[in-house]
Structure formats: structure tokens, C-alpha cells
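Student: Got a structure for you, questions after.
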Amino acid sequence: MVSVAIMGHGVVGSGVSEILLTHKQKLFASVGEELYIKHILDLRDFPEHPLADRFTKDFNDIINDIDVDIVVEVMGGLNPAYDFVKQCLLKGKSVVTSNKELVAAKGAELLQIAKDNNTNFLFEASVGGGIPIIRPINQCLVANNVSEIAGILNGTTNFILTKMINEGMDFDEALKLAQDLGYAERNPEADVEGHDACRKICILASLAYGKHIYPDAVHTQGITKITLDDVKYASIWGGVIKLIGKVKQLPDKKVDIVVAPMFIPNKSQLANIDDVFNGIMVRGDCTDDVVFYGKGAGKLPTASAVVADIIDCVKHLKNRKYLFWADSDNSSVIDYKESVTAMYLRTVSDDTASAYNKAKELFNDIHVLECDTAKEGELAFVCEPMAYGTILDNIDALNNSGIKVESAIRIGDL
Ligand code: HSE
């Protein structure tokens, strides 16, 4: 029998205990051991729960219990999760977490502690919910040099954009619906400003390239400024707008990493990933593109990934599972202004002919997006790929010439 403690009985935590109870026989068959939930840590009371007698409010009941081999952290947030997880690893207990904030901020340190203490720190559920992605990158695709990872990593924003694209809702309406349906986080800022997707692409990039990439090194834009006009122009261009987390390894081994809304061509596999679903493309030099698709959030999908990690811990209680990246100072990340991208811009001015000439002078070659229902003075176009810093300078130059840039969205080369 292997004793497990679960820290947190929220959406994911309750899903983990549910799967461990309802899938007991199936899980026993896969490891040949019974998984016994010995403690559930939560500050709230759950008197009606079938395991009511196992609930505790005191972390000491877990850390001091030598029978507990595996601790599941599903509390979310950085504190006290970081302190609790660190203490567990230092005591040689295996830790499984779904906490992307924790892994993105402290992954290198916690992986090092796990290594030093010959124990496991696993976090399959931290990216893509129920979609297998950490294990595939760490194991199945390990023979590849990964040149690029790009994904729709946040279900809430994908839901909002899908509603804008398919039903013509504006951003505020679609956000309200996402909140009413319980998709958006308590504070929607982490979703809509791109921070959640940023943490997830940092975890994938750290894993793929072996060095921790911290969220503060990543240029991150959310979707709050996307309008229905932009959705319309994306369609005229031949695509849709998606919030993409993307990392690319350059020939000098530096990484170009960004989170931003992008125009994605309809032919891209990522263009057809709708609603709360996530999709992640991993480009390997042996495999070429591999795409992972599924439910990136939710109780049972996320708990399913947590339970898979618990099983992996059971199988690696003596010989730790190899999962590691080193700490870094973010020096492998290029300045976001050096990142090369094509761009869609929507401008408004008194004179579209002059605006066109000025845009052509600044950007050299532009492709105008013709729209029958364009507002008076509106000019929308796509420029050729160039450094993002040059694009920003050109946007300043347009604004300073009385040509107001209302929107600027990257073209995703996906
Ligand atoms: N708020 C996140 C999302 C939850 O919408 O994708 C899963 O990480």
C-alpha cells in the first residue's frame, strides 16, 4: 500500500480523490499496489465527504507522517504551496502538482531539491490539463531537437475568442459568459492578460531546452484589446485570432518566446481548436509537427493528469524519474524587439490614400485587407516579417503623422 496526501480540496483536489476512489481497481491493476488517501489538507470542513475523517487543517500531519510517500499539491498559488512542496521534497517525499504558477516560478529550484533528495517532482497537469504534454516532451519526443512549440494554452481566452469569432459577441459579453460558466479564474486578469498562458509556455520551454525560462522574461500580451473589427479582418485575411504561447529555438540556441494574440491561417491545425479546448504543436526535427489536443482545464481532465503522475511516482519510489532542467538567468531569451514577425495593423486617419503611402514608405511592402464595410478613414494591412522593434517604431511614426494605429496583431507563422 502506498499512502498519499492531497493538499487542497478544490476543483482539482476533489477530482483527484474522486478518481482514486472510483478507479481503485483499475489503478491497482496498473501498479500492483493500493493507493491509500491518508490525509486531505484543506482549511474548510467537509463533514459529508466519504473521507471526512482524513481531512486535516494542519500541514504538520502530512510532513511528519513517515508513511506518506506521495504528496499532491493542488492548492494553487505560490504561497503556501511553495513552502509546503519544498518541505516535502526535502523530506524525500514525492510531490505531484497541477500548479503552473509554482512550476513556472520555482521549477528549477524544486527540481534540483527533488534530484538532491532522490525523489520525484512531477507536474503533468500544470500545462494542458488532461492533455499529455510534459511526459511526451520529456520521454516520447526526447530523440528530437525541438525547434518550436506553439499552442493555445488557455481555455478561457480560447472560449472568449471563439464566441467573438463564431457568434459576434464583443469581448466584454464573451468574458461575462466565460465567468458565468465558471471557466474564467476568480481574477480573470491571469487569463485575459496572458499570464496563465505565459506560465505554461515557460514550463514547456524550460523542459524542451533544459534551462528555466522565467515568466518575467517573456513578452506577454492578452486579448483585452481585440475587437470585432479585428476578428473581421482576420477572416478577410483567411484566418482567425488565437492567443498563442510560442517558443522557437534560433540557430545560435537562443530562444524567441512570446505570448500574444495572433492571426492564424485557417489551414493551421491550431485554427480549428475552439471553445475551452487547448492545442499544442511541438515541432521536432525527427517527427516534424506533432499536435496535442484536448481539455486544458476542468475537474476530471486535470485530475486525470495528476493521478497519472501519482502512478508514475509509485513506479519510481526507489529510482526517481528523470525530469529536470537547470536554473538560468534568462540570458538565452532574445529581446522581444529582436523577434521577427509579420503584423496586421488597422489604422484610422482623415485620408486613407496618404495613410497607405505613409504605411508603404515605412513598411516597404504592405498587403491591404479590403473590406466592404470598412469604417470611414480605416486602412487595414499586413506587413512583411520584420523585427518587432522596427514595427513599434513604425507604429509611433504613423501615430505621429496623424494616422492612428488602433490595432496591431502578429501574424502567426503556424
Ligand atoms: N484558467 C485556465 C484556463 C485553467 O482557462 O485554461 C487551466 O489552467
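Per this note's numbering, the very first residue in the sequence shown carries number 1; after that it's consecutive. Glycine included, every Cβ here is placed at the ideal spot set by N, Cα and C.
(1) If I measure Cβ to Cβ from Lys57 and keep anything under 8 Å in the same chain, skipping five residues before and after, which residues do I get?
(2) Grouping DSSP H, G and I as helix and E and B as strand, with all else coil, what is Met164?
(3) So is the beta-carbon of Tyr344 under 8 Å away from any non-hydrogen atom of the ligand HSE?
(4) Count the other CB atoms, across all protein chains shown, that sit within 10 Å of the CB of Lys358; report buried if there are 16 or more and exposed otherwise.
(5) Helix, strand or coil for Thr341 per DSSP?
(6) Do Ser98 and Ala125 have their CB atoms nearer than 9 Å?
(7) What are the start and end residues of the beta strand (DSSP E) that includes Ser147?
(8) Just to confirm, are Ala197 and Gly129 a CB contact at a threshold of 9 Å?
(9) Please list the terminal residues of the continuous beta strand (DSSP E) segment that includes Val387.
(10) What residue does the beta strand (DSSP E) around Gln249 start on, and which one ends it?
(11) Please report how far the alpha carbon of Gln221 lies from the alpha carbon of Pro50, in whole angstroms.
(12) Report the three-state DSSP secondary structure of Thr352 (helix, strand or coil).
(13) Since I believe Ala52 is in contact with Asp46 (beta carbons under 8 Å), could you give me their beta-carbon distance rounded to a whole number of angstroms?
(14) Using the three-state DSSP reduction, which class does Val297 fall into: helix, strand or coil?
(15) Could you pull out every residue in the same chain whose Cβ sits closer than 6 Å to the Cβ of Pro421, ignoring the five residues on either side in sequence?
(16) Is it buried or exposed for His367, if we count other Cβ within 10 angstroms and need 16 for buried?
(17) On the premise that Ala271 lies in contact with Gly280, defined as a C-beta separation below 8 Å, what is that separation, rounded to the nearest angstrom?
(18) Please report the Cβ distance between His39 and Ala81, rounded to the nearest whole angstrom; I am assuming they are in contact, meaning their Cβ atoms lie under 8 Å.
(19) Say yes only if the C-beta of Lys93 is nearer than 8 Å to one or more non-hydrogen atoms of the ligand HSE, and no if none qualify.
(20) Could you pull the DSSP bridge partners for Leu122 from this structure?
(21) Exposed or buried, which one is Thr287 when buried takes at least 16 other CB atoms within 10 Å?
Tutor: In short, the structure shows the following:
(1) Against the sequence shown, residue 57 aligns to sequence position 57. So the list reads Leu41, Asp42 and Leu43, once near-sequence residues are dropped.
(2) As a working note, residue 164 is residue 164 in the sequence shown. It is helical.
(3) Mapped onto the sequence shown, residue 344 falls at position 344. Tyr344: no, Cβ never under 8 Å from the ligand HSE.
(4) Counting from one through the sequence shown, the residue named residue 358 turns up at place 358. It counts as buried.
(5) Position 341 of the sequence shown, counting from 1, holds the residue named residue 341. The answer is strand: DSSP assigns Thr341 an E or B state.
(6) Counting from one through the sequence shown, the residue named residue 98 turns up at place 98. Counting from one through the sequence shown, the residue named residue 125 turns up at place 125. Their beta carbons are under 9 Å apart, which means Ser98 touches Ala125 by this criterion.
(7) The residue you call residue 147 lines up with position 147 of the sequence shown. Residues Val146 to Ile152.
(8) Within the sequence shown, residue 197 is the residue found at index 197, counting from 1. Within the sequence shown, residue 129 is the residue found at index 129, counting from 1. Against a cut-off of 9 Å, the Cβ pair of Gly129 and Ala197 comes out as no contact.
(9) As a position in the sequence shown, residue 387 is number 387, starting the count at 1. Note on identity: in this sequence residue 387 is Ala, with Val being the wrong assignment. Here the beta strand (DSSP E) through Ala387 covers Glu378 to Ala387.
(10) By 1-based counting over the sequence shown, the position of residue 249 is 249. It spans Gly239 to Gln249 - the beta strand (DSSP E) in which Gln249 sits, taken as one unbroken run.
(11) Along the sequence shown, one-based indexing puts residue 221 at 221. Along the sequence shown, one-based indexing puts residue 50 at 50. Distance between the alpha carbons of Gln221 and Pro50: 44 Å.
(12) Here the question's residue 352 lines up with position 352 in the sequence shown. Thr352: helix per DSSP, three-state reduction.
(13) Along the sequence shown, one-based indexing puts residue 46 at 46. Along the sequence shown, one-based indexing puts residue 52 at 52. Per the sequence presented here, residue 46 reads as Phe, with Asp not at that position. About 6 Å; that satisfies the 8 Å criterion.
(14) As a working note, residue 297 is residue 297 in the sequence shown. First, the residue type needs correcting, since residue 297 is Ala and not Val in the sequence shown. It is coil, neither helix nor strand.
(15) Outside the shown range of the chain, which is 1 to 414, sits residue 421, and nothing can be said about it.
(16) Here residue 367 is taken as the residue at index 367 of the sequence shown, counted from 1. By the 10 Å Cβ count, His367 comes out exposed.
(17) Counted from its first residue, the sequence shown places residue 280 at position 280. Counted from its first residue, the sequence shown places residue 271 at position 271. For the record, residue 280 in the displayed sequence is Ile; it is not Gly. Contact doesn't hold; Cβ gap of about 14 Å is too wide.
(18) As a position in the sequence shown, residue 39 is number 39, starting the count at 1. As a position in the sequence shown, residue 81 is number 81, starting the count at 1. 16 Å between Cβ atoms; not a contact.
(19) Locating residue 93 in the sequence shown gives position 93, where the first residue counts as 1. Outside the cutoff, so no.
(20) Locating residue 122 in the sequence shown gives position 122, counting from the first residue. Val96.
(21) By 1-based counting over the sequence shown, the position of residue 287 is 287. Exposed is the call here.
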